[in-house]
Amino acid sequence: MSQPNPSTALARAVADEMARQGVSLAVISPGSRSAALAIAFDQHPKITTRVVLDERSAAFWALGHARATGLPTVVVATSGTAVANHFPAVVEADESMVPLIVISADRPPEMLHVGANQTIDQVGLFGDRVRWFCNLGPAMSGSDDNWYWRSAVSQAAARSMGHGSRPGPVHLNIAFREPTVPVEEDGRSPVDVYPYDIDGKPGGAPWQEHRIARPGAAAVAARPDTRGLIVAGEGDYEPSPLLAIAQRIGWPILATAMSGLRGPEVVTTYHHLLVSGTPASLRPEMVVTVGRTGPSDRLTALTASGIPQISIDRWGAWHDPKRQATSMLQADPVATLERLASTVTPDSNWSAGWISADQTMRAVLDEAIGVGEQPTGPSVARALSDVGWEMLVAASSMPIRDVDAHTVRGGAIQANRGASGIDGLVSTGLGVAHVGLLTVILSGDLSFLHDGNGFVSDQLPNAVFVVLDNGGGGLFDLLPQATHAPGFDRLFVSPHHRNLVDLATAQGLMAGTVSSVGELVSELGQRLEAGGCHVLLVPVDREADLKRRQTLDDAARSAVSGIS
Numbered sequence: 008m009s010q011p012n013p014s015t016a017l018a019r020a021v022a023d024e025m026a027r028q029g030v031s032l033a034v035i036s037p038g039s040r041s042a043a044l045a046i047a048f049d050q051h052p053k054i055t056t057r058v059v060l061d062e063r064s065a066a067f068w069a070l071g072h073a074r075a076t077g078l079p080t081v082v083v084a085t086s087g088t089a090v091a092n093h094f095p096a097v098v099e100a101d102e103s104m105v106p107l108i109v110i111s112a113d114r115p116p117e118m119l120h121v122g123a124n125q126t127i128d129q130v131g132l133f134g135d136r137v138r139w140f141c142n143l144g145p146a147m148s149g150s151d152d153n154w155y156w157r158s159a160v161s162q163a164a165a166r167s168m169g170h171g172s173r174p175g176p177v178h179l180n181i182a183f184r185e186p187t188v189p190v191e192e193d194g195r196s197p198v199d200v201y202p203y204d205i206d207g208k209p210g211g212a213p214w215q216e217h218r219i220a221r222p223g224a225a226a227v228a229a230r231p232d233t234r235g236l237i238v239a240g241e242g243d244y245e246p247s248p249l250l251a252i253a254q255r256i257g258w259p260i261l262a263t264a265m266s267g268l269r270g271p272e273v274v275t276t277y278h279h280l281l282v283s284g285t286p287a288s289l290r291p292e293m294v295v296t297v298g299r300t301g302p303s304d305r306l307t308a309l310t311a312s313g314i315p316q317i318s319i320d321r322w323g324a325w326h327d328p329k330r331q332a333t334s335m336l337q338a339d340p341v342a343t344l345e346r347l348a349s350t351v352t353p354d355s356n357w358s359a360g361w362i363s364a365d366q367t368m369r370a371v372l373d374e375a376i377g378v379g380e381q382p383t384g385p386s387v388a389r390a391l392s393d394v395g396w397e398m399l400v401a402a403s404s405m406p407i408r409d410v411d412a413h414t415v416r417g418g419a420i421q422a423n424r425g426a427s428g429i430d431g432l433v434s435t436g437l438g439v440a441h442v443g444l445l446t447v448i449l450s451g452d453l454s455f456l457h458d459g460n461g462f463v464s465d466q467l468p469n470a471v472f473v474v475l476d477n478g479g480g481g482l483f484d485l486l487p488q489a490t491h492a493p494g495f496d497r498l499f500v501s502p503h504h505r506n507l508v509d510l511a512t513a514q515g516l517m518a519g520t521v522s523s524v525g526e527l528v529s530e531l532g533q534r535l536e537a538g539g540c541h542v543l544l545v546p547v548d549r550e551a552d553l554k555r556r557q558t559l560d561d562a563a564r565s566a567v568s569g570i571s
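For the sequence shown, this note's numbering assigns the number 8 to the initial residue and increments by one for each residue that follows.
Spelled out as structure tokens, the structure:
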């Protein structure tokens, strides 16, 4: 079946093959050169499209959706500076191993290097931040290239999922000649029809299938009576089997929020248990870390000279920021620990000691956190355990730290901790929420302001943003700048003096302010149930928040002395 012009044929083949490769969402920013792609994706029956005005925000929308699903998600932009705005999300996708597919429309070769409007050299624009780059097009009426286009899309999807490397972003740069709309004559660029068939394989099959084998188990040498610890971080593994193995061998498992593990069988108060280093009675003889850990810098207190430290990641990511690991294993974490379990004699007292310390510390923290008083970051994070969300997205600054330390209920937790930027938080949260689960996004005021353009979309998913407004960057109160930096407030805290409820209302959101943690829990539950996109502003006094954190650390030190 012929197509009205070559550019339309190319775009339709790309969109269709993306759908066959598992892509279900394409996030599009308006543009002329990308018109053929936008129309093709929007008309495809198996792909949903969202239009986001700001290209940077659009890329984070797509990244959030890919994070939540684990499947490739497409973002489309026109030529020039438009696609350059995708770079921050590409960096995060690279560091976090998220399958983001960037498709940039480009001008044809004859328009390059001659000063043509909205034309830059887009070849290799993202450098080594992408797993794979391909420069396609432009399509020509006399060339049957369906096989070429579809095989390129097949490879893009495979590379984004980790074929040949680690999962991460890929970049397809596609040059288009006019017309870029589905007609033979657009009034200024007559062209011949594209006479060739652009069908995919029968039955909706992908042009090329890809399969990625999981690595097997790696050997970990340990004495039968080794007292070890498992630190469960963010990574590609099943958390429940990991927990079952840890319980069988009697090794405590310290679970970060992004591991998805919470509950009485795991240690979640480690940030405060380690406030003064590792208590003598809890010192391990081996530490096994699975995936990327964080955000607590106190985890490094678990390590000491001569203690084996094993880092395991399925994709071979090098997670060793303190350069203290003794072994870096590219292996299946669950299979590796299963193999280790056959050589270790369980010691229930060792695990019970950590669990008892965790329970003691949790009781101390719950008493000291001050839920009934003025809201603080810790008290809000603790209160989220009393709300029925299904997906929680936390900003990369203080919110994820507070969630890690104080949110005790299980559930899927997302955060852009690859590069740990605050940019793109709103859009990442909206992309996650697009999956359809009950979603809460916990944000600081600066993260919320930084990505307000993410709300400028043709359609917003059901989501509730909880915005902790302390008038700027409270994280800096905990850093040396607070004591030693001239111009501290203006240069680092950056007070914004904006009414965030008014700004949210101007974006068409349902917004309100809550003044207590109890009111937040009630309002949050009601708004999640009601549906729609909401903002709940929680005013936080910076000084009171800082004092509460100091109180929690002081209470932790007292508790640890009793544990020791």
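Here a beta-carbon is modelled for each residue, glycine too, at the ideal position from N, C-alpha and C.
Among the options, whose alpha-carbon lies nearest the alpha-carbon of residue i?
i       : options                            : result
Asp-430 : Val-415, Ala-225, His-413, Gly-451 : Gly-451
Arg-136 : Ala-426, Gly-29, Lys-554           : Ala-426
Val-351 : Phe-94, Ala-229, Thr-80, Gly-77    : Ala-229
Leu-347 : Ala-370, Gly-235, His-326          : Gly-235
Thr-263 : Thr-285, Ala-287, Ile-237          : Ile-237
Val-273 : Arg-369, Ala-212, Ala-332          : Arg-369
Gly-323 : Gly-481, Ala-287, Lys-208, Asp-243 : Asp-243
Glu-216 : Val-105, Met-168, Ser-404          : Met-168
Ala-100 : Pro-116, Ala-66, Asp-113, Ala-42   : Ala-66
Pro-406 : Gly-417, Leu-391, Glu-397          : Leu-391
Pro-36  : Thr-76, Gly-539, Thr-88            : The question names Pro, but residue 36 in the sequence shown is Ser. Taking only the C-alpha atoms, the option nearest Ser-36 is Thr-88.
Trp-357 : Ser-288, Met-8, Gln-488, Ser-172   : Ser-288
Glu-185 : Val-400, Ser-41, Ala-440, Thr-285  : Ser-41
Glu-536 : Thr-446, Ala-45, Ala-253           : Thr-446
Ala-26  : Ser-266, Ala-164, Gly-144, Ala-43  : Ala-164
Under 7 Å Cβ to Cβ from residue i, same chain only, skipping five residues before and after it: list those, please.
i       : result
Pro-353 : Arg-255, Ile-256, Gly-257
Ala-33  : Phe-48, Ile-54, Thr-56, Val-81, Val-83
Glu-292 : Thr-233, Arg-234, Gly-235, Ile-314
Ala-308 : Leu-281, Gly-284, Thr-285
Suppose the cutoff is 8 Å on Cβ atoms and the five residues either side in sequence are ignored; what does the same chain contact list for residue i look like?
i       : result
Thr-520 : Val-508, Leu-543, Leu-544, Val-545, Pro-546
Leu-107 : Ala-66, Ala-69, Leu-70, Ala-73, Pro-79, Thr-80, Val-82, Ala-96, Val-97, Ala-100, Ser-167, Gly-175, Pro-176, Val-177
Thr-367 : Ala-566, Gly-569, Ile-570
Gly-210 : none
Roughly how many whole angstroms lie between the Cα atoms of residue i and residue j?
i       : j       : result
Glu-530 : Leu-467 : 20 Å
Asp-232 : Val-294 : 14 Å
Ile-570 : Arg-290 : 12 Å
Asp-409 : Leu-475 : 12 Å
Arg-564 : Phe-94  : 43 Å
Arg-218 : Leu-456 : 41 Å
Gly-384 : Gly-377 : 11 Å
Ser-403 : Ser-39  : 35 Å
Leu-281 : Arg-555 : 18 Å
Arg-4   : Asn-460 : Given that the chain is displayed from residue 8 to residue 571, the structure contains no residue 4 and the question cannot be resolved.
Gly-1   : Arg-299 : Nothing in the structure corresponds to residue 1, since the chain is present only between 8 and 571.
Ala-419 : Pro-197 : 52 Å
Gly-539 : Lys-329 : 43 Å
Asn-477 : Arg-505 : 11 Å
Val-30  : Phe-133 : 22 Å
Phe-472 : Gly-438 : 13 Å
Pro-246 : Gly-284 : 27 Å
Got a sec? Which residues, its chain only, sit under 6 Å from residue i by beta carbon, not counting five neighbours each side?
i       : result
Met-118 : Thr-126
Ala-562 : Val-371, Ala-375
Arg-278 : Residue identity check: residue 278 is His in the sequence provided, not Arg. Result list for His-278: Ser-303, Arg-305, Ala-412, in chain order.
Ser-111 : Ala-84, Val-90, Gln-129, Asn-180
Asp-560 : Val-282
Ser-454 : Ala-402, Ile-429, Leu-432
Asp-151 : Tyr-203
Leu-516 : Cys-540, Val-542
Gln-28  : Ala-164, Pro-213
Arg-6   : Because residue 6 is not part of the residues shown, which for the chain are 8 to 571, the question remains open.
>> Pairs of beta-carbons, one from the segment 519-527 and one from the segment 492-501, closer than 8 Å: are there three or more?
In response: no
>> Between the segment 324-340 and the segment 213-233, can you find at least three pairs of beta-carbon atoms closer than 8 Å?
In response: yes
>> Runs of 3 residues minimum, wholly inside the segment 177-239: which ones carry the beta strand (DSSP E) assignment?
In response: 177-182, 235-239
> Are at least three pairs of beta-carbons, each pair with one atom in the segment 11-27 and one in the segment 186-204, less than 8 Å apart?
Replying inline: yes
>> Measuring CB atoms only, is the segment 432-450 touching the segment 61-75, in the sense that at least three cross pairs come out at less than 8 Å?
In response: yes
>> Check whether the segment 158-172 and the segment 19-29 touch, using three or more Cβ-Cβ pairs below 8 Å as the test.
In response: yes
> If you scan the segment 318-378 from start to end, which runs of the beta strand (DSSP E) of 3 or more residues do you find wholly inside it?
Replying inline: 334-337
> Enumerated in chain order, which unbroken segments of the beta strand (DSSP E) with a length of 3 residues or greater are wholly contained in the segment 520-547?
Replying inline: 540-546
>> Quick check for students: name the residue ranges of the beta strand (DSSP E) that lie wholly in the segment 442-481, counting only runs of 3 or more.
In response: 446-451, 470-476
>> At 4 residues or longer, what runs of the alpha helix (DSSP H) sit wholly inside the segment 269-295?
In response: 277-280
>> Just to confirm the assignment: which complete alpha helix (DSSP H) runs, minimum length 4, are found wholly within the segment 85-137?
In response: 88-91, 94-103
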